[in-house]
Amino acid sequence: LPGWRKYNLTYRIINYTPDMARTAVDEAIQEGLEVWSKVTPLQFTKISKGIADIMIAFRTRVHGRCPRYFDGPLGVLGHAFPPGPGLGGDTHFDEDENWTKDGAGFNLFLVAAHEFGHALGLSHSSDQTALMFPNYVSLDPRKYPLSQDDINGIQSIYG
Ligand SMILES: CC(C)C[C@H](C(=O)NO)C(=O)N[C@@H](CC(N)=O)C(=O)NCc1cccc(N)c1
Ligand SMILES: [Ca+2]
Ligand SMILES: [Zn+2]
């Protein structure tokens, strides 16, 4: 099964980027998760210690026991592991990027929403309008970032 076998998932923000206010990071992450909970029965609960399903961290280059590495400024912006125990669901953002809550640099909400798609079981889409399209397209973050392709994908797992 490509998805989580439960609807109530926990997440924990392990560390914060210095690029943004902590409250702005909390909001961007929460909204990035809400994009998906709005169209599925999924619920997300923030915890501040212990092991969460979705452990979120800002990292650079080779980091911890993560099998994937970051590449400095630009290029890869983040990665997330598909549902499962341990590393499954964990989401990392490349701290060598300039993270913002507006149009400058890379919008954390938009990248987070994309990465959480992976953390919930989605892979990349060839639909240019999809949030799960491989490349970052700077959308107006206030616009609804999910395309029908994204909704079909997530509802095929958690319908
Ligand atoms: C092979 C992967 C590790 C690439 C990585 C990715 O897809 N992470 O989910 C990534 O950071 N891709 C860049 C594009 C690239 N340089 O390969 C990206 O912008 N992904 C985040 C993103 C954010 C918002 C929207 C979309 N469509 C994509
Ligand atoms: Ca990078
Ligand atoms: Zn991706």
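Mapping of the sequence shown onto this note's numbering: position 48 corresponds to residue 81, and the numbering continues sequentially without gaps. Each residue gets a CB set at the ideal place from its N, CA and C atoms; glycine is no exception.
Option nearest Leu120 by Cα separation, candidates His96, Glu128 and Leu66: Residue mapping note: residue 120 aligns to position 87 of the sequence shown, counting from 1. Per the Cα distances, His96.
field: Where Gly186 falls, given that 16 or more other Cβ within 10 Å makes a residue buried
entry: Residue numbering aside, residue 186 sits at position 153 when the sequence shown is read from its first letter. Buried: at least 16 other Cβ atoms inside 10 Å.
field: Residue range of the beta strand (DSSP E) that includes Gly186
entry: One-based indexing of the sequence shown puts residue 186 at position 153. Element bounds for Gly186: not the beta strand (DSSP E) but the alpha helix (DSSP H), Gln181 to Tyr191.
field: Asn168: CB within 7 Å of a non-hydrogen atom of ligand 1
entry: Working through the sequence shown from its first residue, we reach residue 168 at position 135. Yes.
query: Whose C-beta lies closer than 7 Å to the C-beta of Ala145 among residues of the same chain, with five residues either side of it excluded?
result: Here residue 145 is taken as the residue at index 112 of the sequence shown, counted from 1. Hits under 7 Å: Ala61, Ile62 and Gly65.
task: Pull up the DSSP beta-bridge partners for Arg92, would you.
output: Residue numbering aside, residue 92 sits at position 59 when the sequence shown is read from its first letter. Answer is Asp127.
Beta carbon of Val72 nearer than 8 Å to that of Leu155: Counting from 1 along the sequence shown, the entry for residue 72 is found at position 39. Counting from 1 along the sequence shown, the entry for residue 155 is found at position 122. Contact flag unset, no.
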